[in-house]
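Each remark here refers to the structure printed beneath this line.
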Amino acid sequence: MKVEINEGKLPNAGSVVVAVLKEGMLLPTARRLDEASNGALSRAIKASRFRGERGQWLEVIAPAGLKLNRVLLAGLGKPGEVDALALEAVGGGAVQRLMVSGESELTIVSDTIPDGKLDAADCAARLAYGAALGSYRFDKYRTTQKPEQKPSLRSVTVLARAATGARRAFQPLRAVAEAIAFSRDLVSEPANVIYPESLARECRGLVKLGLKVEVLGEAQLKRLGMNALLGVGQGSAHETQLVVMQWLGGPRGSKPVAFVGKGVTFDTGGISIKPAQGMEDMKWDMGGSAAVIGVMRALAARKARVNAVGIVGLVENMPSGTAQRPGDVVRSMSGQTIEVLNTDAEGRLVLADALWYTQDRFKPQFMIDLATLTGAMVVALGHEYAGLFASDDTLADHMLAAGKAEGELIWRLPLGDAYDKQIDSQIADMQNIGANRAAGSIMGAVFLQRFVNKVPWAHLDIAGVAWASKERPTVPKGAVGWGVRLLDRLVRDHYEGK
Ligand code: BES
Ligand code: MN
Ligand code: ZN
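Note that this note's numbering has the sequence shown beginning at 1139, numbered continuously upward.
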């Protein structure tokens, strides 16, 4: 979708969105349209239950006296409570309402909000950002759609005064929106298209943005002793890969921030095989890696002043004659041995070696891993919050704030010795599952913690949030690209040189 910010007059064609504050208070452009249409808008408001509440919409089709196809009224609530997320929801909601409506051109008016906390440039930029995020689609495999089912909307213009400043504010946001779309594409692709080698190839493509990208194959991983990671892929026809991406936008020699992602391109469960029902969902078991790839792309595209590394373990978990068996013992890169009691608890095996490698090679300021790690996470928090586990309170607090600001909510859960000892093994240093179903997500987290030394570390279990089954204004159904926004914001607010 083409999204632009422009100065100028209201168009005489297409559809226009104007915001309305609580109690139906029209902003200047809405008032002008109301007058020009002989009060059609205020009559429409009176005739409906639209009161300008945040999230409310009213669509007035072909208002008499105007040449416009539609005027959409978007509720914004109380002026003092209008924040970035509210404006993004207007941008995204508008696009979604018109996407297949037959309309091709949308203009969103960015009027000054009295007593608003955002300046005019930011308001316009957030409207545009929301439109960019909300217009995401994954249609490449649809070949038989009828014309009336196809998207009609072609372009979105945010109309703003002082458009130059607004465009400047939108520039980094556009970069993040493109990174999120990339991340969503990777998650949406089926596992016959995105497998370890092809996902590594997608990472390599980011070299053009200035990222340094290395791809380690099985021979190198073997030499490094990454047998926990290799064991997961040993039943697959695809070659396990570890991709190392670096963005060096910070001062030379300053310690990098590090992101580590679980990239299981398909998780059958292995020999501990999953039931057929719903197994297709496991194409998005690489959602953690997609977040890491996405945030690295975002940092590069907006030339963030930070040194960052993104490391993803890419592997396919398949049952076969060469697959790992329940009860196998593997020696991880750290030297610690793991009894693999359940081959379906594979994400932690991937991350064990990836985390160890990351801290060993890069000595980062902090390390955050993301993984669709446990079904138990969905039981605990559903699809609203991701689970946060952290060894460091400052890092955790920064992440909680970033998540809140970006609308990617996280909730902190405990770690601790009493949990940790539940993964001691009879014959090895640890086993990869707990004794029973209790605290399943925490079992995953304490397992990972055994592969982290002194470095501040956090783990995000995104099993419940990586895929959306309900539509939201800036997150269409399907792949969310969850984590890109949160991590980008975290870097921007706390770890970027000025
Ligand atoms: N990828 C799954 C977790 C998952 C489940 C993600 C549902 C998204 C939706 C993970 O590899 C897994 O299978 N975990 C097991 C762990 C168990 C064997 C201890 C699980 O949650 O059942
Ligand atoms: Mn699994
Ligand atoms: Zn998995």
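Note that beta-carbon positions come from the ideal geometry of N, C-alpha and C, so glycine has one too.
Q: Between the Cα of Ser-1470 and those of Ala-1315, Arg-1486, Asn-1455 and Asp-1482, spot the shortest distance and give me the residue it belongs to.
A: Arg-1486
**Q.** Phe-1320 versus Gly-1432 - alpha carbon distance
**A.** 7 Å
Q: Could you have a look at Leu-1508 and say whether DSSP puts it in helix, strand or coil?
A: strand
(Q) According to DSSP, simplified to helix, strand and coil, what is Ser-1129? (A) The shown model of the chain, from 1139 to 1636, leaves out residue 1129, and the question about it has no answer.
(Q) Please state whether the Cβ-Cβ distance between Tyr-1267 and Glu-1226 is less than 8 Å. (A) yes
Q. Within this structure, are the beta carbons of Met-1515 and Gly-1602 separated by less than 8 Å?
A. yes
Q | Minimum length 4: unbroken alpha helix (DSSP H) runs contained in the region 1176-1200 | A | 1178-1184
**Q.** Buried or exposed by the 16-neighbour rule on C-beta atoms within 10 Å, applied to Trp-1549
**A.** exposed
Q. Which class does Asp-1423 belong to by DSSP, given the choice of helix, strand or coil?
A. coil
Q. For Ala-1566, which of helix, strand or coil comes out of DSSP?
A. Of the three classes helix, strand and coil, the one that applies to Ala-1566 here is coil, per DSSP.
Q.
Please tell me whether, using a cut-off of 7 Å, the distance from the CB of Glu-1484 to the nearest non-hydrogen atom of the ligand MN is below it.
A. yes
Q: May I ask which residues mark the beginning and end of the alpha helix (DSSP H) holding Leu-1625?
A: 1622-1628
Q. Which residue's Cα is closest to the Cα of Thr-1475: Thr-1612, Ala-1428 and Ile-1561?
A. Ile-1561
Q: For Glu-1191, I'd like the list of residues in its chain whose CB is within less than 7 Å of its CB, leaving aside the five on either flank, ordered along the chain.
A: Lys-1160, Gly-1213 and Gly-1215
Q: Please work out which residues of its chain come closer than 7 Å, Cβ to Cβ, to Ala-1315, disregarding the five sequence neighbours upstream and downstream, and give them in chain order.
A: Tyr-1267, Ala-1270 and Leu-1271, listed in sequence order.
Q: Using three-state DSSP, classify Asn-1455 as helix, strand or coil.
A: strand
Q) So what's Phe-1276 in DSSP terms, helix, strand or just coil? A) coil
**Q.** Contacts around Ala-1524, its chain only, beta-carbon distance under 6 Å, and the 5 residues preceding and following it disregarded
**A.** Ile-1548, Leu-1598, Ile-1600 and Val-1603
(Q) Contact criterion: CB-CB distance below 8 Å. Does Asp-1466 meet it with respect to chain D? (A) Among the chains of the structure shown, chain D does not appear; only one protein chain is present.
Q: Return yes when at least one heavy atom of the ligand MN lies under 7 Å from the C-beta of Gly-1407, else no.
A: yes
Q: With a 10 Å radius around its C-beta and 16 neighbouring C-beta atoms as the bar for buried, classify Gln-1415 as buried or exposed.
A: exposed
Q: Provide the residue span of the alpha helix (DSSP H) that contains Phe-1500, from first to last.
A: 1485-1500
Q. In whole angstroms, what separates the C-alpha of Met-1456 from that of Gly-1401?
A. 14 Å
Q. Does the separation of the CB atoms of Gly-1616 and Ala-1606 fall below 8 Å?
A. yes
**Q.** Bounding residues of the alpha helix (DSSP H) (the contiguous stretch that carries Leu-1586)
**A.** 1578-1587
**Q.** Minimum C-alpha distance to Gln-1587 - residue among Leu-1349, Ala-1543 and Gln-1497
**A.** Gln-1497
Q. Quick one, are the C-beta atoms of Glu-1241 and Arg-1208 less than 8 Å apart?
A. yes
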